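Under this note's numbering, the residues of the sequence shown are numbered 3 to 368, in order.
Glycine included, each C-beta is placed from N, C-alpha and C at the ideal position.
Computed from a predicted structure; not experimentally measured.
Notes follow once the structure below has been shown.
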Amino acid sequence: MEIPSLTKMTETPLAKLHASAGARMGVWFGCTLPDDFGDAAAEYHFANQSVALVDKNYRAYLSLTGPDRVRYLNAILTNNVKDLLAGQGNVSLLLNPQGHIMAEIETYAFAERLFCVSYAMILEQLITWLDKYIIMDDVTLTDETERYGTLALEGPKAAALVQGLSGVEIAPLGELTSTDCTVGSIPCRIVKRSPGGVAGAEFFVGREKLAALWQILLEAARGHGGGPAGYAALSAQRLAQGVPWFGYDFGEKQIPHEAGLEHSHISYTKGCYTGQEIVERVRSRGHVNRRRVELLFSGEAIPEAGAPLTLDGKEAGYVTRASRIWDPPRVIGMGYIRKEANVPGTLLQWAKGTASVVHLPEALRS
């Protein structure tokens, strides 16, 4: 597990509620969150067959106001925030001058501010990094982490459930588009998010309303054949979808092309930003010496993060994250492999079996 070196341990505001429900707690993204609610396999099924409710309160929330906010943020992030219209959002990376990934940041545009979402485990260092670049800019950076929380619904029944609760039809919305709504009597901001290509929603809400909103969403999810899902199931689900996690599958040791984020987190037409020279150099060169890959393991043993992978007895790379999935029953994961061994179909070895380099989720469908 590759956690950024500068971390801050936090606890979900719903910890007592989860404990009363019998959840087994663990640490995910530097935050105490549910491992499971008693049956990780059933929770994985919720996410794939009905609807899963997820506590995402490992996040940090920052607001940027002032007339220079857009120009300032666009000059330091890898994606184009300059052209975001009110209600739109995108995901970027914050790089250091050597091109290494310091943070993953979602940016949402509002009429009078930009709202950034990142990770509480790097909050203190993130604020330091962002403050460093505010020199002559008329920008005010405000930490709003203690004000907000996030809950999510995902799975094939999520869109129908969201519409029934809020009246918002999320399917036609663009990815990371957000809109105000009310669930029960609770004001929320819904953000469309489509893990695995299936429309789902995140609910930004005032922290004092989190527990009440959780109970409303939980009852609705159970009414649709779903329920709460912990991070054992969610980690397995993201691996099956081929989605890497910041702090686990990429971080300060990687540059974007090594992490496979060059098509999802970077604009190549926006102009200059911190670390751009390295990104463009790698882009023009056409390859990196190692790259994140998706892996299908033999047997039932689950490799630890950092487990070495070899090819013909020689070091080839290592595992970043691995998990058992339940439908179909497999052990899958991600890792970094040297360029001569990262072609799909390559069979690698680890201490308790083999690992095939594959494309997920296509390999699971086949």
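Residues near residue i in its chain [Cβ-Cβ closer than 7 angstroms; skip 5 each side]
i, result
"Leu87", "Ala111"
"Val245", "Pro197"
"Val345", "Val359"
"Lys354", "Gly301, Ala303"
"Met11", "Gly32"
Candidates the options, of which the one nearest residue i by Cα
i, options, result
"Ala365", "Arg323, Phe299, Ile304", "Phe299"
"Met336", "Lys354, Ser358, Ile172, Pro158", "Ser358"
"Ile304", "Glu282, Glu342, Thr356", "Thr356"
"Ile107", "Leu163, Trp247, Val207", "Trp247"
"His20", "Leu212, Phe252, Ser237", "Leu212"
"Asp314", "Arg293, Leu96, Cys274, Gln351", "Gln351"
"Tyr135", "Ser52, Leu97, Ala54, Gly89", "Leu97"
Cα-Cα separation, residue i to residue j
i, j, result
"Glu45", "Gly347", "31 angstroms"
"Pro174", "Tyr250", "32 angstroms"
"Thr184", "Ala223", "17 angstroms"
"Phe117", "Gln127", "18 angstroms"
"Phe48", "Ser94", "29 angstroms"
"Val164", "Gly157", "11 angstroms"
"Met104", "Gln217", "35 angstroms"
"Val56", "Gln239", "12 angstroms"
"Lys255", "Tyr338", "11 angstroms"
"Gly151", "Met123", "15 angstroms"
"Glu13", "Glu210", "15 angstroms"
"Trp131", "Ser120", "13 angstroms"
"Arg293", "Asp329", "27 angstroms"
"Thr181", "Asn59", "20 angstroms"
"Ile5", "Ala234", "Only weak support is given to the placement of Ile5: the predicted model assigns it a pLDDT of 42, under 50, and the question is left unresolved by the model."
Close-in-space but distant-in-sequence residues of the same chain around residue i (CB under 8 angstroms, 5 per side omitted)
i, result
"Asn82", "Asn76, Asn92, Ser269, Thr271, Lys272"
"Ala17", "Met27, Thr34"
"His102", "Glu254, Lys255, Gln256, Ile257, Gly277"
"Val290", "Ile257, His259, Glu260, Val284, Lys341"
"Glu296", "Leu241, Gly244, Ile334, Gly335, Met336, Val359, Val360, His361, Leu362, Ala365"
"Ser7", "For Ser7, the predicted structure reports a pLDDT of 43, less than 50, and the residue's modelled location is therefore unreliable. A value from the coordinates is still provided. Correct list, in chain order: Glu254."
"Asp145", "Ala62, Tyr63, Leu64, Leu125, Ile129"
"Val207", "Tyr150, Gly151, Thr152, Leu153, Ile188, Pro189, Cys190, Arg191, Leu215"
Secondary structure of residue i, DSSP reduced to three states
i, result
"Ile218", "helix"
"Ile129", "helix"
"Asn76", "helix"
"Pro197", "helix"
"Ile136", "coil"
"Val345", "coil"
"Ser187", "coil"
"Ile5", "Caution is warranted here: a pLDDT of 42 is assigned to Ile5, below 50, making its placement in the model unreliable, and the coordinate value is therefore given only provisionally. In this structure, Ile5 counts as coil in the three-state DSSP scheme."
"Leu175", "coil"
"Gln90", "coil"
"Ala307", "coil"
"Val83", "coil"
"Lys354", "coil"
"Met123", "helix"
Enclosing beta strand (DSSP E) for residue i [first to last residue]
i, result
"Ala203", "202-208"
"Leu64", "61-67"
"Ala449", "Here the chain has residues from 3 to 368 only, and residue 449 is not among them."
"Arg293", "292-299"
"Leu155", "150-156"
"Glu108", "103-111"
"Ala242", "That residue, Ala242, is in no beta strand (DSSP E); its alpha helix (DSSP H) goes 233-243."
"Pro331", "331-340"
Own chain, CB closer than 6 angstroms to residue i, minus 5 neighbours either side, in chain order
i, result
"Ser22", "none"
"Val72", "Lys84"
"Ala25", "Pro36, Phe39"
"Tyr74", "Asp139, Val141"
"Gly202", "Leu155, Glu156, Ala160, Arg195"
"Gly308", "Tyr320"
"Ala43", "Trp328"
"Glu279", "none"
For residue i, the first and last residue of its enclosing alpha helix (DSSP H)
i, result
"Phe48", "42-51"
"Pro99", "Taken as a continuous stretch (DSSP letters only), Pro99 belongs to no alpha helix (DSSP H), as it is neither H nor E."
"Ala365", "364-367"
"Val56", "Note, Val56: premise wrong, no alpha helix (DSSP H); beta strand (DSSP E) at 54-57."
"Gly28", "From DSSP, Gly28 is part of no alpha helix (DSSP H) but of the beta strand (DSSP E) over 26-30."
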